[in-house]
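The block underneath contains the structure these notes are about, expressed in structure tokens.
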Amino acid sequence: MTNEKESSSGSDDVINASEFASEETFYSPPAQKSVKEIIEADHKDESLKKYKEQLLGENASGPVLVEPDNPKNVLVRRISLVSDDQVKHSMDLPAKGDFVFCVKEGCTYRIRFEFVVQREIICGLKYAHKVSRLGVGVTKELYMLGSYGPRHEPYTYETSPEEAPSGILSRGKYRVHSLITDDDKNIWLDWSWHIEIAKSW
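So for the sequence shown, the working numbering puts the first residue at 49; every next one is plus one.
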């Protein structure tokens with residue numbers, strides 16, 4: 049994965065993790081290993097020991113279960129829009145009903161993700177979305193969030209700054225179809241929401 053974000057246009061807002069594969073041509077995901085396999089690996093190997101500590105931290109002694117009855121290994125809690133170091137909008141996930149982020153045209157913003165990882169190490173976590181307006185695809189984007197080990201405390205990730213579109217032609221409501229996936233094409237969350245570009249917050 050060479051960049052944090054890759055983008056291109058799309059014809060509609062139906063989204064599938066496999067359609068982003070061409071944007072990761074030069075990236076080869078590592079072989080997936082379970083936490084149990086890593087813990088039981090050769091204890092005499094110092095490099096492997098450091099690898100375990102880096103990925104698992106204090107949780108190298110056993111599995112981490114935040115929500116034992118939830119089969120998902122990635123629990124996405126919230127997505128927020130941050131501008132001028134302030135959270136302008138937040139959406140608790142999974143989203144209940146329609147949700148609209150009103151964005152001031154021309155502003156600089158970041159997207160913040162809050163999530164928990166349980167049970168297994170997640171390699172190559174990604175956020176992807178397609179944006180459409182009046183049924184016509186406007187853009188699709190892929191954000192690389194990184195790899196994470198299981199732990200009880202939530203992780204927070206913020207994207208690089210971006211500038212919202214501006215001008216009378218850009219104002220209006222856009223439909224966003226989003227998903228959280230990973231190198232193994234697991235779909236941890238799939239949902240739709242809206243962004244409205246306006247003159248003010």
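Virtual Cβ for every residue (Gly too), placed ideally from N, Cα, C.
Work out the CA separation of residue j and residue i for me, nearest whole Å.
i	j	result
Met192	Val124	15 Å
Pro209	Thr156	6 Å
Pro213	Asp117	42 Å
His200	Val112	7 Å
Ser181	Arg219	For clarity, residue 181 is Arg in the given sequence; the question names Ser instead. Their backbone Cα atoms lie some 11 Å apart in a straight line.
Asp132	Glu94	44 Å
Lys120	Glu206	22 Å
Ile235	Glu115	18 Å
Leu190	Lys174	7 Å
Gly183	Glu211	23 Å
Trp249	Lys233	36 Å
Indicate whether residue i and residue j have their beta-carbon atoms separated by less than 8 Å.
i	j	result
Thr229	Arg160	no
Lys247	Glu168	no
Gly172	Asp238	no
Val165	Gly197	yes
Ile245	Val151	yes
Leu143	Leu227	Going by the sequence as given, residue 143 is Ala instead of Leu. No, these two residues do not count as a Cβ contact at 8 Å.
Just to confirm the assignment, what range does the beta strand (DSSP E) spanning residue i have?
i	result
Ile162	The residue you asked about is not Ile; residue 162 is Glu in the sequence shown. Segment Thr156 to Val165, the beta strand (DSSP E) holding Glu162.
Thr207	First-last for Thr207: undefined, no H or E at that position.
Leu193	Val184 to Tyr196
Phe147	No beta strand (DSSP E) holds Phe147; DSSP gives it neither H nor E.
Leu123	Val122 to Ser131
Val179	Ile170 to Arg181
Val135	Gln134 to Asp140
Val224	Gly220 to Thr229
Leu237	Ile235 to Ala246
Leaving out the 5 sequence neighbours to the left and right, which residues in its chain are closer than 6 Å to residue i when beta-carbon positions are compared?
i	result
Pro130	In the sequence as displayed, the identity of residue 130 is Val instead of Pro. Answer for Val130: Arg158 and Arg160, listed in chain order.
Ser240	His225
Glu162	Arg125, Arg126, Pro202 and Thr204
Val135	Ser128
His137	Leu129 and Phe149
Take residue i and list the residues in its own chain whose beta-carbon comes closer than 8 Å to its own, dropping the five residues that flank it on each side.
i	result
Asp140	Arg125 and Arg126
His242	Asp146, Phe147, Val148, Phe149, Lys221, Tyr222, Arg223 and Val224
Near residue i, what residues of its chain come up, given a Cβ to Cβ distance below 7 Å and the 5 sequence neighbours on each side ignored?
i	result
Ile170	Asn121, Val122, Ser195, Tyr196 and Asp230
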